[in-house]
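Taking it in order: structure first as structure tokens, then the write-up.
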Amino acid sequence: MSDLSHYTVNFGPQHPSAHGVLRLILELKGEVITDVDTHIGLLHRATEKLAESKPFNHSIGYMDRLDYVSMMCNEHAYVMAIEQLLGVNPPKRAQYIRVMFDEITRILNHLMWLGAHAMDLGAVSVFLYCFQAREDLMDCYEAVSGARMHATYYRPGGVYRDLPNSMPNYEPNRWRTEKEIEILNENRQGSLLDFVENFIKAFPGKIDEYENLLTDNRIWKQRTVDIGIVSPSLARKLGFSGPMLRGSGINWDLRKDQPYAVYNELDFDVPLGSKGDCYDRYLIRIEEMRQSTRIIEQCIAWLRANPGPVMTNNKKVAPPKRIKMKDDMEALIHHFKLFTEGYIIPPGETYAAVEHPKGEFGIYLVSDGSNKPYRLKIRPAGFTHLQALGELSKGLMIADLVTILSSIDVVFGDIDR
Amino acid sequence: MKHLLQTLKANLPKECQFYTEHNQITVLAPSQSIVECCKTLKKHAELKFDILIDLCGIDYLSYGVGEWDTVSTTATGYSRATNNKPDESKWPLPRLAVVYHLLSTHLNHRVRLKAFIKSDPPEIESICSVYKHANWYEREAYDLFGIIFNNHPDLRRILTDYGFKGFPFRKDFPISGHVEVRYDEAEKRCIYEPTSIDPRVTVPKVVRDDSRYLKGK
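Those sequence lines, one after another, are chains A and B.
Start counting the first sequence at 1; every next residue gets the next number (our numbering).
Start counting the second sequence at 418; every next residue gets the next number (our numbering).
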């Protein structure tokens with residue numbers, strides 16, 4: 001047999017483990033990677049340019065479509081940037097609702113990641129378990145905003161509306177018996193908070209199930225332990241953030257270190273890795289889901305005890321109540337101005353960042369005193385991480401590349417924007 | 418915050434200007450000393466900015482120029498917003514700038530660096546030698562704004578299509594672009610054609626100068 005020599009292999013853009021539309025040009029020597037050329041931009045939609053041509057509020061929906069598995073966290077950074085420039089403070093209840101949904105989103109994101117990561121490494125059943133749990137959380141999204149994914153729920157000055165007192169139920173249909181429908185509707189009899197509480201109680205048990213399948217699984221460990229090791233100094237050099245940084249043992253979490261919304265009032269721990277390999281990053285994300293349930297629990301307790309407004313009463317930013325518009329001229333004018341021209345933001349610039357499930361997600365917003373953003377720069381979490389792919393996978397086998405790629409947690413909605 | 422501002426003032430080159438806005442420090446740095454500034458910011462014991470969070474270009478061509486004149490209102494119709502021609506720019510400084518956001522995970526603080534580029538074509542030194550992960554960010558700024566980063570290890574387009582022409586995020590680039598792509602049945606391949614739609618303004622950009630909106634300044 002002749003000696004194996006150099007290959008150039010095109011990986012993606014249509015490849016199941018390319019997580020959407022990633023194109024890699026791999027230089028291989030046998031099965032060992034010698035060079036990686038990453039081509040991104042296949043999902044580039046010029047979100048930033050589009051946002052510059054629309055009033056501020058019109059672009060909240062674009063934020064959902066950036067990282068389309070952690071929708072509300074993206075919205076959070078955007079509305080925070082607008083609020084900073086306007087000098088508007090959302091009511092506390094709105095902030096608690098935001099934190100609760102940020103954490104629901106974190107669980108949504110990590111479940112999607114876990115399912116996809118496991119499937120990339122050949123464990124298909126985890127994917128099914130994860131998607132089952134995601135379904136309930138999507139229902140929470142739907143109950144507050146009407147949309148399962150692209151919620152547009154956070155608004156500058158608060159959230160679109162208060163938490164609903166009832167959950168939508170499954171309706172009778174000819175594919176299911178009455179009894180089946182009854183079982184499905186069992187946990188949907190109370191309010192949204194009851195539904196979330198119900199979920200949170202059961203969820204740690206479900207995480208245990210996922211861990212049963214993976215954590216001590218010999219194949220899983222062989223595929224992830226000691227693969228893609230990132231030392232703390234390397235993590236800094238590569239500009240990591242979020243779980244990628246914490247996986248290498250650097251204690252950095254914006255929720256703790258630069259708290260926004262009401263994170264400083266909540267009690268939770270930040271898990272840290274010791275080695276910085278793919279297995280550590282897996283363990284961290286599992287633990288983050290557990291910590292998220294703790295945060296949600298505290299939010300539920302607070303929200304139960306403290307009813308109140310969820311939108312600022314600054315009528316230049318928040319639309320008036322429908323009923324008020326019937327006999328109040330001011331309200332009608334405000335409504336008309338808001339939905340035609342929008343609001344004006346005084347000239348200035350700001351950078352607002354949140355601890356997104358994937359890392360630091362930031363919005364750099366420049367206003368020139370008009371009703372549209374002058375420049376909107378989205379700082380995606382995955383962009384810097386994906387950049388390091390070449391550095392992390394050089395000298396490893398082609399199968400390890402897939403492990404590293406999915407342990408980075410890439411979603412092209414926000415990398416390509 | 419105050420301490421950080423003082424440390425920055427003491428250690429960065431004299432030509433730098435500093436201002437604080439929304440509790441964030443911005444440093445206006447001269448474009449020729451950007452690498453020197455970054456080195457100081459990274460190495461100095463009281464600054465220690467270890468991570469470049471973001472790097473982006475910004476085009477000030479139509480800064481403060483509205484599409485809808487609000488002084489004489491009713492004389493003209495809705496069309497006054499749709500024939501969108503940028504007026505003479507009111508921006509006094511150079512048109513293009515690069516904005517750097519730095520973060521220190523050691524000391525938990527942030528700073529924004531801004532460098533205006535006077536030269537044409539716009540050129541600035543790459544900071545890849547200081548922050549290695551600036552690589553893709555600089556490629557992006559080059560791709561979208563046409564800013565050339567000197568001594569960059571691999572300055573190629575990154576987000577736009579293969580063979581793309583122009584710099585799409587500049588303000589004089591139309592939002593609908595110049596070409597559209599479709600599959601041609603006869604030629605059995607994708608072909609590029611000039612765009613068939615005209616850019617249309619649905620909500621005009623309005624700049625209001627009255628005192629209500631100037632409070633935040």
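Ideal placement from N, C-alpha and C gives every residue a C-beta, glycine not left out.
Practice task
Put LYS634(B) into one of helix, strand or coil per three-state DSSP.
Solution key: Taking the first residue of the second sequence as position 1, residue 634(B) is located at position 217. With a pLDDT of only 41 at LYS634(B), under the threshold of 50, the placement of this residue in the model should not be trusted; the figure read from the coordinates follows. Three-state result, LYS634(B): coil.
Exercise for the section: Could you tell me how far apart the beta carbons of GLY205(A) and PRO232(A) are, in whole angstroms, since I believe they sit closer than 8 Å? Expected result: Position 205 of the first sequence, counted from the first residue, corresponds to residue 205(A). Position 232 of the first sequence, counted from the first residue, corresponds to residue 232(A). In fact, because the Cβ distance is near 34 Å, the residues do not count as touching under 8 Å.
Practice task
Check whether the stretch 602-609 of chain B touches the stretch 619-626 of chain B, taking contact to mean three or more Cβ pairs, one atom from each stretch, closer than 8 Å.
Solution key: no
Exercise for the section: Report the partner residues of CYS473(B) according to the DSSP bridge assignment. Expected result: Position 56 of the second sequence, counting from 1, holds the residue named residue 473(B). Beta-bridge pairing links CYS473(B) to VAL516(B).
Practice task
Determine the burial state of LYS377(A): buried for a count of at least 16 other Cβ atoms within 10 Å of its Cβ, exposed for fewer.
Solution key: Position 377 of the first sequence, counting from 1, holds the residue named residue 377(A). Classification of LYS377(A): buried, given that the 10 Å Cβ count is 16 or more.
Problem - Inter-residue Cα distance where the pair is CYS278(A) and ASN251(A) - result: As a first step, residue 278(A) is located in the first sequence; it is residue number 278 there, counting from the start. As a first step, residue 251(A) is located in the first sequence; it is residue number 251 there, counting from the start. Distance between the alpha carbons of CYS278(A) and ASN251(A): 18 Å.
Problem - Alpha-carbon to alpha-carbon, GLY115(A) and LEU128(A) - result: Residue 128(A) sits at position 128 when you count from the first residue of the first sequence. Residue 115(A) sits at position 115 when you count from the first residue of the first sequence. When rounded, the distance between both Cα atoms is 7 Å.
Exercise for the section: Kindly list the residues whose CB is nearer than 8 Å to the CB of THR619(B), restricted to its own chain and excluding five residues on each side of it in sequence; keep chain order. Expected result: Sequence index remark: in the second sequence, residue 619(B) carries index 202 (1-based). Counting only Cβ-Cβ distances below 8 Å, and skipping sequence neighbours, we find nothing.
Exercise for the section: Along the alpha helix (DSSP H) that carries ILE392(A), what are the first and last residues, could you check? Expected result: Position 392 of the first sequence holds residue 392(A). A small fix is needed here, since residue 392(A) is Leu in this sequence, not Ile. Where LEU392(A) is concerned, the enclosing alpha helix (DSSP H) stretches over 389-393.
Exercise for the section: Using the DSSP secondary-structure output, state which residues sit across from ASN10(A) in a beta bridge. Expected result: Along the first sequence, one-based indexing puts residue 10(A) at 10. Paired residues: ILE25(A).
Exercise for the section: Count the other C-beta atoms from every protein chain shown that fall within 10 angstroms of the C-beta of ASN109(A), then say buried if there are 16 or more, exposed otherwise. Expected result: Within the first sequence, the letter at position 109 stands for residue 109(A). Flag for ASN109(A) reads buried.
Practice task
Would you mind telling me which residues of chain B sit closer than 9 Å to LEU272(A), beta carbon to beta carbon, in chain order?
Solution key: Position 272 of the first sequence, counted from the first residue, corresponds to residue 272(A). The contacting residues do not exist; LEU272(A) stays about 13 Å from chain B at best.
Problem - Residue-chain proximity (LYS49(A), chain C), Cβ-Cβ < 8 Å - result: Structure shown: chain C not included; protein chains present are A and B.
Handout entry: Member of LEU389(A), ILE363(A), LYS321(A) whose CA lies at the smallest distance from the CA of VAL354(A)
Key = As a working note, residue 354(A) is residue 354 in the first sequence. If you compare the alpha carbons of LEU389(A), ILE363(A), LYS321(A) with that of VAL354(A), the shortest gap goes to ILE363(A).
Exercise for the section: Answer with yes or no whether the minimum CB distance from TYR480(B) to chain A is below 8 Å. Expected result: Taking the second sequence and counting its residues from 1, the one referred to as residue 480(B) is at position 63. For TYR480(B), the answer is yes, since a Cβ of chain A falls inside 8 Å of its Cβ.
Practice task
Output, in chain order, the set of chain A residues within a Cβ distance shorter than 7 Å of GLY483(B).
Solution key: Translated into positions along the second sequence, residue 483(B) becomes position 66. Ordered by position in chain A, the residues that pass the 7 Å Cβ test against GLY483(B) are SER370.
Exercise for the section: Enumerate in chain order the residues of its own chain whose CB-to-CB distance from TYR477(B) is below 6 Å, with the five nearest sequence positions on each side excluded. Expected result: Along the second sequence, read from residue 1 onward, the residue named residue 477(B) stands at position 60. Taken in chain order, the residues that qualify are TRP508, ARG512.
Problem - Chain-ordered neighbours of VAL366(A) on chain B, where CB pairs are closer than 8 Å - result: The sequence position of residue 366(A) within the first sequence is 366, counting from 1. Going along chain B in sequence order, the residues near VAL366(A) (Cβ under 8 Å) are ILE475.
Exercise for the section: Give a yes or no on whether the C-beta atoms belonging to PHE412(A) and HIS19(A) are separated by under 8 Å. Expected result: Working through the first sequence from its first residue, we reach residue 412(A) at position 412. Working through the first sequence from its first residue, we reach residue 19(A) at position 19. In this structure, HIS19(A) lies closer than 8 Å to PHE412(A) by Cβ.
Practice task
Starting from the C-beta of PRO616(B), find all residues in its chain whose C-beta is less than 8 Å away, skip the five residues before and the five after it, and write them out in chain order.
Solution key: Within the second sequence, numbered from 1, the residue matching residue 616(B) stands at position 199. Excluding sequence positions up to five before and after PRO616(B), its CB lies within less than 8 Å of the CB of ASN501, PRO591, ILE592, SER593, all in the same chain and listed in chain order.
Exercise for the section: Give the residues of chain B in contact with ASP416(A), contact being defined as C-beta atoms less than 7 Å apart. Expected result: Counting from one through the first sequence, the residue named residue 416(A) turns up at place 416. Under the 7 Å cutoff, chain B gives LEU576.
Practice task
Name, please, each residue of chain A whose Cβ falls closer than 9 Å to the Cβ of PHE562(B).
Solution key: Residue 562(B) sits at position 145 when you count from the first residue of the second sequence. Result: empty, since nearest Cβ-Cβ is about 11 Å, beyond 9 Å.
Handout entry: Chain-ordered chain A contacts of ASN567(B) [CB-CB under 7 Å]
Key = In the second sequence, counting from the first residue as 1, residue 567(B) sits at position 150. Here the premise fails: no neighbours, minimum Cβ distance about 20 Å.
Problem - Helix, strand or coil at HIS39(A) according to DSSP, with G and I counted as helix - result: Within the first sequence, numbered from 1, the residue matching residue 39(A) stands at position 39. In this structure, HIS39(A) counts as strand in the three-state DSSP scheme.
Exercise for the section: For ASP589(B), decide whether its Cβ has a neighbour in chain A, counting only Cβ atoms nearer than 8 Å. Expected result: To locate residue 589(B), count along the second sequence from 1; it is residue 172. It does not; no Cβ of chain A falls within 8 Å.
Handout entry: Burial state of ALA133(A) (16 or more Cβ within 10 Å)
Key = Your numbering for residue 133(A) matches position 133 in the first sequence. Buried: at least 16 other Cβ atoms inside 10 Å.
Practice task
Examine chain B for any beta-carbon lying closer than 8 Å to the beta-carbon of GLY239(A), and answer yes or no.
Solution key: Here residue 239(A) refers to the residue found at position 239 of the first sequence. Yes, GLY239(A) lies at the interface with chain B (some Cβ there is under 8 Å from its Cβ).
Handout entry: Runs of beta strand (DSSP E) wholly within the stretch 170-258 of chain A (minimum 3 residues, chain order)
Key = You should have found no qualifying run.
Handout entry: Beta-bridge partners of ASN567(B), as assigned by DSSP
Key = In the second sequence, the residue the question calls residue 567(B) occupies position 150. According to DSSP, ASN567(B) bridges with GLU542(B).
Practice task
For LYS377(A), name the three-state secondary structure that DSSP assigns.
Solution key: For the purposes of this step, residue 377(A) is identified with residue 377 of the first sequence, where counting begins at 1. Reduced to three states, the DSSP call for LYS377(A) is strand.
Handout entry: Sub-8 Å separation of ASN57(A) and GLY342(A) beta-carbons
Key = Here residue 57(A) is taken as the residue at index 57 of the first sequence, counted from 1. Here residue 342(A) is taken as the residue at index 342 of the first sequence, counted from 1. Yes, these two residues count as a Cβ contact at 8 Å.
Practice task
With 8 Å as the threshold, decide whether the Cβ of GLU83(A) is near any Cβ in chain B.
Solution key: Translated into positions along the first sequence, residue 83(A) becomes position 83. Answer no: the Cβ-Cβ gap between GLU83(A) and chain B never drops below 8 Å.
Problem - Beta-carbon neighbours of ILE592(B), restricted to chain A and to distances below 9 Å - result: Here the question's residue 592(B) lines up with position 175 in the second sequence. Within 9 Å Cβ-Cβ: ALA46, LYS49, LEU50, GLU52, SER53.
Problem - Cβ pair TYR374(A), TYR480(B) closer than 8 Å - result: Along the first sequence, one-based indexing puts residue 374(A) at 374. Along the second sequence, one-based indexing puts residue 480(B) at 63. TYR480(B) is positioned such that its CB atom lies closer than 8 Å to that of TYR374(A).
Practice task
Measure from the alpha carbon of CYS130(A) to the alpha carbon of each residue in MET72(A), ALA143(A), ILE107(A), ALA147(A), then state which is nearest.
Solution key: To locate residue 130(A), count along the first sequence from 1; it is residue 130. Here the closest residue by C-alpha is ILE107(A).
Practice task
Look at the alpha carbon of LEU530(B) and the alpha carbon of LEU429(B), and state the distance between them as a whole number of angstroms.
Solution key: Taking the first residue of the second sequence as position 1, residue 530(B) is located at position 113. Taking the first residue of the second sequence as position 1, residue 429(B) is located at position 12. Distance between the alpha carbons of LEU530(B) and LEU429(B): 11 Å.
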